[in-house]
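Here the structure comes first, spelled out in structure tokens, and everything after it is commentary.
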Amino acid sequence: MAHHLLFNARMAIGILVVLVTGSLLSGCSNVRDALGQNKKSPDEFAILARAPLSVPPNFSLRVPNKGMERPQEPSSRNMGRDLIFKKSNSDRENDSKSNSSSIGVLLGANKANPKIREIINAETKNMVFEDKSFLDKLLSWKKTSEDGVVVDAAAEARRLKNNVEQGKPVTEGKTPIINRKKSGLLNKLF
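Laid out in structure tokens, this is it:
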């Protein structure tokens, strides 16, 4: 009995030590960084800082020299000069606009059809989307009326049976459909 209580006490102390140590370490920024709790997203404005790579026309690539700066990156001398003489914000904005516009030209963004929304709407106007998303199913608390015409199955079976008995073709006669009643104010709410 005493051994059992001693074992439970040691286990409780061990769990307590682990919990206290974990809570103390979670406050340390180095541990938080190592565990990935302090994630830093990339700077979206620094992505276009590197010059685009290009392949030489003859496709024979030179072996890079170790320790040499990349030719497409600005040198530390130019970066230092820019820091000392501080480019104005308008110059920086112009640089970023020229980078993004050149990418847009390469991707053909300037050739986009201005009426694309009208074209897509016209193409999808008559489509019936069968798959409702999970969110639509969750949020729709009232069933909406389905598209199309609903055939009255019992009346259609009687019509077909009568046509066969009378020797008429099955396509003769009007197909009975179910006409939906217009819903009142309370039906719209519930």
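Residues in the sequence shown are numbered from 1 upward in steps of one, following the working numbering. In this text, a Cβ means the ideal position worked out from N, Cα and C, and glycines have one as well.
Check                                                                                                   : Outcome
Beta-bridge partners of Val17, as assigned by DSSP                                                      : DSSP, once it has assigned bridges, lists no residue as partnering Val17.
Beta-carbon separation (whole angstroms), Ala155 vs Pro169, contact threshold 8 Å                       : The pair is not a contact, with the Cβ atoms about 18 Å apart (cut-off 8 Å).
For Ile177: DSSP bridge partner residues                                                                : Val151
6 Å Cβ shell around Asn58 - same chain, five flanking residues per side excluded                        : none
When Phe85, Leu83, Val150 and Gln166 are compared against Arg180, the one with the closest alpha-carbon : Val150
Collapsed DSSP secondary structure at Gln166 in the structure displayed                                 : helix
Rounded straight-line distance, which links the Cα of Leu107 to that of Thr171                          : 56 Å
Rounded straight-line distance, which links the Cα of Ser102 to that of Pro114                          : 20 Å
Cβ-Cβ distance between Gly173 and Arg158 below 8 Å                                                      : no
Span of the alpha helix (DSSP H) around Glu211                                                          : This structure leaves residue 211 out entirely; the chain is present only between 1 and 190.
C-alpha distance - Thr21 paired with Asn30, whole-angstrom precision                                    : 15 Å
Contact under 8 Å by Cβ, Glu69 with Ser60                                                               : no
Backbone CA spacing between Asn8 and Leu19 [nearest angstrom]                                           : 16 Å
Nearest-angstrom beta carbon gap, Ile178 and Asp152 [assumed within contact, 8 Å]                       : 5 Å
The alpha helix (DSSP H) enclosing Asn78, as first and last residue numbers                             : Ser76 to Phe85
Span separating the alpha-carbon of Ala109 from that of Ile116                                          : 13 Å
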